[in-house]
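Residue numbers (this note's numbering): 15 to 438. Reading through the structure tokens given below for one structure.
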Ligand code: UDX
């Protein structure tokens, strides 16, 4: 079956995964990015993102992947334009749609193209675009990719959401047909509902995390073990075991942004979304409580050496956007502690982001002489450390705050560590 050529606007994490996967499915892809260096390195098959399987896919499909800085290259080859530009929150929490506006301006008054919106945008964006540009097709096709498993997520979707109104149904049919080979439910709906599905899904996942974090906090007071509680809860098929991992809070480029965007959107529409206010507050609380666990054993942190294990917002990525580590490093420096942080891949990126913290080249270097260690990101290699031997020998005070309940508490306690978990 003839695969139609497609355009991708924005070759960042989402745009690149989308381009590589559609190329893998047999489509010619014209991907545009405004950063020349990025286009040059991508054209050489060099992928500037740590995402398992992505660079292999880009190299394997090189002959179908065309990277350019020029929008006319894209417009002359493709009608469906998958918009994958970032829509970061403004100071007020609203989504900054300037990059989407720029794309629309570059489209001129074309009536031959359709925007297929992959970027997360406020509910109502599609309607306002179509009101202003009724010659432009518009399809909402939000992404549900998790960093670290994005290629697998794209190729094995739980569901694909395709939202369109009136005149864009034909474009929506073509978008839906592109996903048909992947399996997974294809949800055909209107644009506003498609936009809301994305925001509501992320907000719900963030809510689930803040909920289990509060259960963890109250479990500490009542002597329950939140890992056991989560195990028992998760067996209920209405709850499910995923996203019940208590910890130092959620980070990343999506959850914090999308929760704020939905809260702001609701507020702007006259509805006070009370739950999301609490979700954000609990997420902040987890960071304060982490500092508090260190102070509980060390007293004042002034002059103390604290090691952070993990900088990336989660394992299997080098992404440090909204990472908990950045907040903790800043707070610890504010308390007068000196901080050394180590991350298997994200360390270099964080050099100038970790207020006052020094980046160590290894976990043991970060731990050397430390009065306390905080496990912030659950990289598997941190479990392999020789905690009862080398680690304990190097630390000035054997205190560990296990921010992801990731380590073997019994082993550490037996070896003489003071162990603080989250909710256990
Ligand atoms: C998320 C959504 O999962 C994805 O569907 C959406 O498209 C983009 O945002 P991502 O941000 O890549 O994906 O990471 P995710 O794996 O969802 O984790 C987000 C944050 O939540 C991380 O900081 C992680 O540490 C934290 N988390 C996750 C928890 O604290 N507990 C959990 O149980 C799960």
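Positions of the beta carbon are idealized from the N, C-alpha and C atoms, including for glycine.
Q. Considering residue 373, what are the terminal residues of the beta strand (DSSP E) in which it resides?
A. Its beta strand (DSSP E) spans residues 371-373.
Q: Compute the Euclidean distance between the alpha carbons of residue 239 and residue 438, then round it to the nearest angstrom.
A: 4 Å
Q | Segment limits, beta strand (DSSP E) that includes residue 253 | A | Element bounds for residue 253: n/a, residue is neither H nor E.
Q. For residue 357 versus residue 326, is the C-beta spacing smaller than 7 Å?
A. yes
Q) Do residue 172 and residue 198 have their CB atoms nearer than 7 Å? A) yes
**Q.** Member of 402, 386, 415 whose CA lies at the smallest distance from the CA of residue 392
**A.** 415
Q: Please confirm whether any heavy atom of the ligand UDX lies closer than 6 Å to the CB of residue 71.
A: no
Q) Are the beta-carbon atoms of residue 134 and residue 212 separated by less than 7 Å? A) Cβ distance < 7 Å, so residue 134 and residue 212 count as in contact.
Q) Going by DSSP, what residues sit across from residue 354 in a beta bridge? A) 321, 372
Q) Quick one, what's near the ligand UDX if you take every residue whose CB is closer than 6 Å to any heavy atom, in chain order? A) 157, 158, 159, 160, 161, 216, 219, 223, 257, 258, 259, 261, 264, 265, 266, 268, 269, 327, 328
Q | Close Cβ partners of residue 20 (< 7 Å) along its chain, the five nearest in sequence each way excluded | A | 36, 41, 43, 92, 94, 96
Q: Measure the C-alpha to C-alpha separation of residue 337 and residue 251 and round it to an integer number of angstroms.
A: 31 Å
Q) What is the rounded straight-line gap between the Cα of residue 379 and the Cα of residue 312? A) 21 Å
**Q.** Span of the alpha helix (DSSP H), counted from its first residue to its last, around residue 291
**A.** 288-312
Q. Does DSSP put residue 162 in a helix, a strand or coil?
A. coil
(Q) Whether or not the region 345-365 and the region 314-331 are in contact is what I'm after, with contact meaning three or more pairs of Cβ atoms, one per stretch, closer than 8 Å; do they touch? (A) yes
Q | Beta-ladder partner(s) of residue 45, from DSSP | A | 22, 81
Q) Would you say the region 26-36 touches the region 64-77, given that touching needs at least three Cβ pairs under 8 Å? A) yes
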